[in-house]
Structure formats: C-alpha cells, structure tokens
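Asker: Dropping the structure in here first, questions after.
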Amino acid sequence: MTAEARTADARTAVVTGASSGIGAATARQLSAAGYRVVLTARRKERIEELAASLPNAEAYPLDVTDRAAVDAFAASLDRCDVLVNNAGGALGADPVATGDPADWRAMYEVNVLGTLNTTQALLPALTASGDGTVVVLSSTAGLGTYEGGGGYVAAKHGAHVIAETLRLELCGRPVRVIEIAPGMVKTEGFATTRFRGDGAKAAKVYEGVAAPLEADDVADTIAWAVTRPSHVNIDLLVVRPRAQASNSKVYREL
Numbered sequence: 165m166t167a168e169a170r171t172a173d174a175r176t177a178v179v180t181g182a183s184s185g186i187g188a189a190t191a192r193q194l195s196a197a198g199y200r201v202v203l204t205a206r207r208k209e210r211i212e213e214l215a216a217s218l219p220n221a222e223a224y225p226l227d228v229t230d231r232a233a234v235d236a237f238a239a240s241l242d243r244c245d246v247l248v249n250n251a252g253g254a255l256g257a258d259p260v261a262t263g264d265p266a267d268w269r270a271m272y273e274v275n276v277l278g279t280l281n282t283t284q285a286l287l288p289a290l291t292a293s294g295d296g297t298v299v300v301l302s303s304t305a306g307l308g309t310y311e312g313g314g315g316y317v318a319a320k321h322g323a324h325v326i327a328e329t330l331r332l333e334l335c336g337r338p339v340r341v342i343e344i345a346p347g348m349v350k351t352e353g354f355a356t357t358r359f360r361g362d363g364a365k366a367a368k369v370y371e372g373v374a375a376p377l378e379a380d381d382v383a384d385t386i387a388w389a390v391t392r393p394s395h396v397n398i399d400l401l402v403v404r405p406r407a408q409a410s411n412s413k414v415y416r417e418l
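In terms of the numbering used here, the sequence shown is residues 165 to 418.
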C-alpha cells in the first residue's frame, strides 16, 4: 500500500508527555482524527485514565530521559507513523548569574536529550512507515531570549536546532519534521512547576492577559500540521495569543 493510500485509522501516533496539558490535548485530537494513539509519560495513572477514555489508545509509562527505557519502548511497538515530542518543561526564572546548574541540567535532559532519545529510537520505524512525521514542540523561547529564562531558553534553542538539523539530514527520505513553537500557553501545572508550587508566582505570569493560549489551541495546531497531505511540510509554526507580540511584549489589562 502506498503512503497516499493509507488512512489515518491505520496509523500510530506516539505522544510523549501525554499525562496533562498540551500532550493530553494532542492525544485527544489525534485520536479524534482516527489515529491509534500511544500515550507516554511518567505519571502512569494519568495516561492510563486518558487512554481508557479514547477509542483506540494505549498507555505506556515512560521517562524520556532514560535511554534504555526509551529503546525498550520503541522495540515494543509494531509501527510508528507519527512522533510528537511534547515532553518538556521549565524550572526556575533566575538570572544567569544565580541560576541553579541543576535546574539547567534537568531542563536540558528532558527538552533536548529526551527529544533526541525518542527521535533516535523511533526513527527507523518512522522511516519504515514510508510516510513518517516527527513533531518537535519547542517554544518561542527557542527563537528569542528573555530575562530570567536563560536555562529554559537554552534548552528550547536546543530542541529547535534538533528539528532544523534533522530536517536537513532527512531530506529525500519519507519523514517530515515539523516544529511547533507556542508562546504564552496557560496549561495545567506548567507555571506552577516552574515556580516549584508557588501559585502566586505562577498566576503572575498570566496576570491581566485576557486570553492566553490553552492546551487545545496548540493541540489543534499540531493535529492540523500532522494531517496535511504527505508532500506538505510545516517546517516551523509559531503560535501566540493575540495579546503577545513577542516574548517580552504582552498586553495586560491591569
């Protein structure tokens, strides 16, 4: 069967970091589009609950920073047509002068090496599908710096470079590389995790912004890019709320 003749309901999409936020929303939207969805994340109960609510989904507990575990996961799949590298996150908002190296290391591990691990492990299956797609969820932080974001910005620049380089290296092979770079997104836990559970600091990020993006907005963008015809590649798509003109210019109704 040719790539063009395949239907979405015969295809498998792997979504990392699928226990909440953008990952969970993406799993729902790809499932609705007819994909068999494999949800991965560290929180076993959350992905199992979500998988049970979808018509053709399964859960696989996974830490993307554990290469041996990622390789075992890849070996367990019978096929992979789409990989959505969504697992990531931010820690802290300290200036470079006082940033915690442990936070920088943790962000690099999940945002960069986690993406590298899953992409390397699943690339043979994606290529063998004859019509594979790799999605990298970077961030507008990967395209522009801002004060207090050095560690996260560095990590997301790394994710951006993976996507850009991989696209060059796979040119001529049947695998697309799509990068989605969201701006301000208000999702469950992102800012709270960044500020180590400090709800007041987390709320301050979105203060006065009438309508930041939501997880479904980004998931809709991902699903749209993935479901374009095989010859169409969305190299880089930046999506921000209307109130955000850049990483450092946001309209706030105060």
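By construction, the Cβ of each residue, glycine as well, lies at the ideal position given by its N, Cα and C atoms.
A quick note: this is a predicted structure, and the numbers were derived from the prediction, not measured.
If I measure Cβ to Cβ from Tyr316 and keep anything under 7 Å in the same chain, skipping five residues before and after, which residues do I get?
Answerer: For Tyr316, where only same-chain residues beyond five positions count, the Cβ hits under 7 Å are Ala254, Met271, Ala305.
Asker: Give every residue of the same chain whose Cβ lies closer than 7 Å to the Cβ of Glu273, excluding the five residues on either side of it in the sequence, and list them in chain order.
Answerer: So the qualifying residues of the chain are Thr229.
Asker: Could you round the C-beta distance between Thr385 and Leu401 to whole angstroms and report it? I think they count as a contact, below 8 Å.
Answerer: About 6 Å; that satisfies the 8 Å criterion.
Asker: Name the DSSP bridge partner or partners of Arg200?
Answerer: Answer by DSSP bridge pairing, in chain order: Thr176.
Asker: At the level of alpha carbons, what is the spacing between Glu333 and Ala327?
Answerer: Answer to the nearest angstrom: the Cα atoms are 10 Å apart.
Asker: Does the stretch 191-211 touch the stretch 254-268, meaning 3 or more C-beta pairs lie closer than 8 Å?
Answerer: Contact between the stretch 254-268 and the stretch 191-211 is absent, because fewer than three Cβ pairs lie under 8 Å.
Asker: Go ahead and label Asp245 buried or exposed: buried means 16 or more other beta carbons lie within 10 angstroms of its beta carbon, across all protein chains shown.
Answerer: Asp245 is buried by the Cβ-count criterion.
Asker: Roughly how far, in whole angstroms, is the beta-carbon of Val339 from the beta-carbon of Thr291, given that I think they are within contact range, below 8 Å?
Answerer: So it is a contact: roughly 6 Å between Cβ atoms.
Asker: Let me know the secondary structure DSSP gives Lys413 once reduced to three states.
Answerer: Residue state, collapsed to three classes: strand.
Asker: When the Cα atoms are used, what is the spatial distance from Ser410 to Val403?
Answerer: Spanning the two alpha carbons is a distance of roughly 11 Å.
Asker: Per DSSP, what are the beta-bridge partners of Ile326 in this structure?
Answerer: Answer is none; Ile326 lacks a bridge partner.
Asker: Count the other C-beta atoms from every protein chain shown that fall within 10 angstroms of the C-beta of Gly336, then say buried if there are 16 or more, exposed otherwise.
Answerer: Gly336 is exposed by the Cβ-count criterion.
Asker: In the DSSP assignment, the beta strand (DSSP E) including Gly296 goes from what residue to what residue?
Answerer: Residues 296-301.
Asker: Give the straight-line distance between the Cα atoms of Ala221 and Thr283, rounded to the nearest whole angstrom.
Answerer: Their Cα atoms are separated by approximately 20 Å.
Asker: Does the separation of the CB atoms of Ile342 and Ala383 fall below 7 Å?
Answerer: For Ile342 and Ala383, no; Cβs fall outside 7 Å.
Asker: Give me the residue from Ala232, Arg210, Arg231 with the minimum Cα distance to Ala223.
Answerer: Here the closest residue by C-alpha is Arg210.
Asker: State the beta-bridge partners of Gln193 as determined by DSSP.
Answerer: DSSP, once it has assigned bridges, lists no residue as partnering Gln193.
Asker: Measure the CB-CB distance between Thr190 and Ala251 and report whether it falls below 7 Å.
Answerer: No. Outside cutoff.
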